[in-house]
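For the record, the sequence lines run as chains A and B.
The working numbering numbers the first residue of the first sequence as 10 and each following residue consecutively.
The working numbering numbers the first residue of the second sequence as 168 and each following residue consecutively.
All C-beta atoms in this analysis are idealised placements derived from N, C-alpha and C, irrespective of residue type, glycine included.
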Amino acid sequence: MLVVGLDIGSVAAKGIMLDRGKMHRAMIPTGWSPRDASEELINKLLKISGCKREQLDDIIVTGYGRIAVAGAGQVATEIKCHARAVAELYPQVRTIVDIGGQDSKVIRVNGEGRVIDFAMNDKCAAGTGRFLQIMANALGLDVSELGENENFSEMVSINSMCTVFAESEIIGLLARGTSKAGIIAGLHQSVGRRVAAMVRRIGIDGEIAFTGGVAKNPGVHRALEEELGCQLLIPEGCQFTGALGAALLGQNS
Amino acid sequence: MSAILEDFTSIRGVSLIKIKEAKDEGQKVVGIYCTYCPQEMILAAGAIPVSLCGTSETPIADAETVLPRNLCPLIKSSYGFAVTDTCPFFHFSDLIIGETTCDGKKKMFEIMQEIKPVYVMQLPHLHQLDAALELWIKELRRLRSTLEEELDVEISDEKLWDAIRKVNHETMAVKAICDLNKKNPPVLNGLDLLTVTWSRNFSSDKEELFTMLNELQQELATNQESEANANKPRVLLTGCPVGLGSEKVIRLVEESGGLIVAMENCSGYKTLELQSDTELDDPIIALAQKYMEIPCSCMSPNPYRFELLERMLEEFQVDAVVDLTWQACHTYNIEAFTVGNLVRDKGLPYLHLESDYSSSDLETLKVRIEALLEMVV
Chain A
10 MLVVGLDIGS
20 VAAKGIMLDR
30 GKMHRAMIPT
40 GWSPRDASEE
50 LINKLLKISG
60 CKREQLDDII
70 VTGYGRIAVA
80 GAGQVATEIK
90 CHARAVAELY
100 PQVRTIVDIG
110 GQDSKVIRVN
120 GEGRVIDFAM
130 NDKCAAGTGR
140 FLQIMANALG
150 LDVSELGENE
160 NFSEMVSINS
170 MCTVFAESEI
180 IGLLARGTSK
190 AGIIAGLHQS
200 VGRRVAAMVR
210 RIGIDGEIAF
220 TGGVAKNPGV
230 HRALEEELGC
240 QLLIPEGCQF
250 TGALGAALLG
260 QNS
Chain B
168 MSAILEDFTS
178 IRGVSLIKIK
188 EAKDEGQKVV
198 GIYCTYCPQE
208 MILAAGAIPV
218 SLCGTSETPI
228 ADAETVLPRN
238 LCPLIKSSYG
248 FAVTDTCPFF
258 HFSDLIIGET
268 TCDGKKKMFE
278 IMQEIKPVYV
288 MQLPHLHQLD
298 AALELWIKEL
308 RRLRSTLEEE
318 LDVEISDEKL
328 WDAIRKVNHE
338 TMAVKAICDL
348 NKKNPPVLNG
358 LDLLTVTWSR
368 NFSSDKEELF
378 TMLNELQQEL
388 ATNQESEANA
398 NKPRVLLTGC
408 PVGLGSEKVI
418 RLVEESGGLI
428 VAMENCSGYK
438 TLELQSDTEL
448 DDPIIALAQK
458 YMEIPCSCMS
468 PNPYRFELLE
478 RMLEEFQVDA
488 VVDLTWQACH
498 TYNIEAFTVG
508 NLVRDKGLPY
518 LHLESDYSSS
528 DLETLKVRIE
538 ALLEMVV
């Protein structure tokens, strides 16, 4: 059985190939065309695995670009895919927090890995990877550098939830000579608070997993654990969780 | 689509011509916005009660030159249609009747007054108090004398009873159609259901409407079962009012493979069990009692809505619930907490959506709706 799971996100496109017990993965920027990105990912995975297109039994697509590449294979929502992957990685987890490029979500699952409830951020970038990316730009950093540049002991609170207003708040703080490291800690706390409120709305039951690209940021990880008062499980390759779930769904079908 | 169903899609056009003719012959037209408006009173006054436009995004930009942007789209749309004179039903209305269902409408009506005479009824919200019913009875008597004065007619008890019977019959006929969807597979999809329940409010001729409703009911009751509707998740829609033009959530559910089998909202099932008691001596009291029962979220507390929802979940064999709140509708937004608990306690997936009339959030709504449908076992 050879299946591919694709997660075409707003920033990055992730692919997982499950090849009889072996797993291959690839990631590229989504760019402007979800369709091209999915083609490129499939080709990459075929190259890595040395398999041929005709050998593929199934392709499952998820992520915001899922509709655009429909036809490539079956479609499932990110919510179902994250639940499926986490059920495989951490069967004891009942709550999943996923923070991606353009949305953050909290998913409650039962013992069989089925989604029983979920919440997503509203029409706003607050509490998402995009929020952090824009703030990183304002600070002259790449989003991947935020975690290592944080200084928790100098933290200043960022009050604006709105991305646009938060950006001007930061520019104001910088002008007043506030340390970058403290501002970064404040940004992480802001995302942590926002997402923690969503977690509490859905309810915590059992252990919590943290997935999505933003889970790679140790500052957000710390802030979220602090807000929730418990430890979070982060899978290795947290960005690939959705794609893994998609591939696993393909394996089962 | 059946020919009778087709007739419902053209109600607005046909009605408009009839209203124009009736106006030319001196008949009066009274525009209404809400199910709380006792249309029986307008019928008894020999005038035509007609729904007004308020379910389209089109005039919202114009409304926002006066009204705040973060207001409910239904209020903005209603005002926008009025101020741009793009709702023919508003155009032909001699008088508009509003109610104090919410703060937004109440204050918007003050401004709308500059365009047309708007008569606002004080709707009590703590509806279980005796004082509330007393006030509402007084408000109906005030409406009666206002209509008599404005339209220069006498509204006799006899005419009121006659109108009450007509509206009771219409309500029963609409309910009979909606109830057909208790069957599995259901007979109507959500868009067709909406076409019938919403469009009927634009009809200018109650007798003709009653005939159309009965014919449609008979046709649907004897139709072959629709295989296309079999095995799809059966979704109940509740929350804020929806009409053609603001049906994006219904469309998304059905495009994603679900089926809206019932709607607990204003032109839908919310009012369909309510009948005026024709055994009473005073038609005003009969009307007051009926209208006070409407389970709008503006009422506090609002137990009948939960009784009704609970029963609908069973009777319509519902698999999942979508609860739609229009932006800035605080009462439905807050009541969603209780609705969510009720639905989840039944072991059913529940999705609360907050949106407006624009298409800006179609993608984010779609992923939520698809995930809800995936949750159906």
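Within its own chain, the residues whose Cβ lies closer than 6 Å to the Cβ of Q442(B), once the five positions on either side in sequence are excluded, are N335, listed in chain order. Taking a C-beta distance under 8 Å as the contact criterion, L439(B) and L476(B) do not qualify as a contact pair. Around the C-beta of P516(B), 16 or more other C-beta atoms lie within 10 Å, and the residue is accordingly described as buried. Counting C-beta atoms within 10 angstroms of its own C-beta, G271(B) has 16 or more neighbours from the protein chains shown and is therefore classed as buried.
Sequence-distant Cβ neighbours of H33(A) in its own chain, meaning closer than 6 Å and more than five residues away, are M26, L54, I57 and S58. Buried is the label assigned to F276(B), since at least 16 other Cβ atoms lie within 10 Å of its Cβ. When secondary structure is reduced to three states using DSSP, G120(A) falls in the coil class, being assigned neither helix nor strand. In the structure shown, A21(A) adopts extended strand secondary structure according to DSSP, grouped into three states.
Per DSSP, S443(B) is not a residue of any alpha helix (DSSP H), being assigned neither H nor E. When 9 Å is used as the limit between beta carbons, V204(A) is near no residue of chain B, the shortest such separation being about 17 Å. Between V354(B) and L310(B), the CB-CB gap reaches or exceeds 8 Å. For the pair of segments examined, the region 103-113 of chain A was found not to touch the region 154-172 of chain A: the number of CB pairs separated by less than 8 Å stays below three.
Judged by their CB atoms, A487(B) and L539(B) are nearer to each other than the 8 Å cut-off.
L293(B) counts as exposed, since fewer than 16 other beta carbons sit within 10 angstroms of its beta carbon. Judged by DSSP secondary structure, W493(B) falls within the beta strand (DSSP E) whose first and last residues are A487 to W493. With a threshold of 8 Å between beta carbons, I211(A) makes no contact with chain B. Restricting attention to G191(A), V118(A) and A22(A), the CA atom closest to the CA of F161(A) is found in G191(A).
For the pair L480(B) and V416(B), the CB atoms are not nearer than the 8 Å cut-off.
Counting only the Cα atoms, E414(B) lies some 22 Å from A397(B).
Bridge partners of V287(B) according to DSSP: G265(B).
In this structure, the CA atom of V217(B) is about 15 Å from the CA atom of G410(B). For K56(A), not one C-beta of chain B is nearer than 8 Å to its own C-beta. Check the Cα spacing between P205(B) and each of S370(B), I304(B) and I184(B): the tightest is with I304(B). DSSP, read as helix, strand or coil, puts L404(B) in strand. Counting every other CB atom within 10 Å of its CB across the protein chains shown gives F248(B) a total of 16 or more, marking it as buried.
A Cβ-Cβ distance of about 5 Å is found for the pair V229(A) and H197(A), placing them in contact under the 8 Å criterion.
Counting only the Cα atoms, K333(B) lies some 14 Å from D324(B).
Annotated as proximal: G198(B) and S260(B), with beta-carbon spacing under 8 Å. The beta carbon of E97(A) lies closer than 7 Å to those of L257 in the same chain, with the five residues before and after it left out.
Not a single CB atom of chain A sits nearer than 8 Å to the CB of E231(B).
Taking a beta-carbon distance threshold of 8 Å, I88(A) counts as an interface residue toward chain B. Taking 8 Å as the upper bound on Cβ-Cβ separation, chain B lies near residues D126, F127, M129, D131 and K132 of the region 126-141 of chain A. Secondary structure note for H294(B): it is in no alpha helix (DSSP H), with a DSSP letter that is neither H nor E. When the beta-carbon positions are compared, F140(A) and I211(A) stay at least 8 Å from each other.
Taking a cut-off of 8 Å on C-beta distances, the region 178-192 of chain B does not touch the region 236-256 of chain A, as fewer than three cross pairs fall below it.
Contact check for L241(B) and E266(B): beta-carbon distance about 13 Å, past the 8 Å limit, so the pair fails to qualify.
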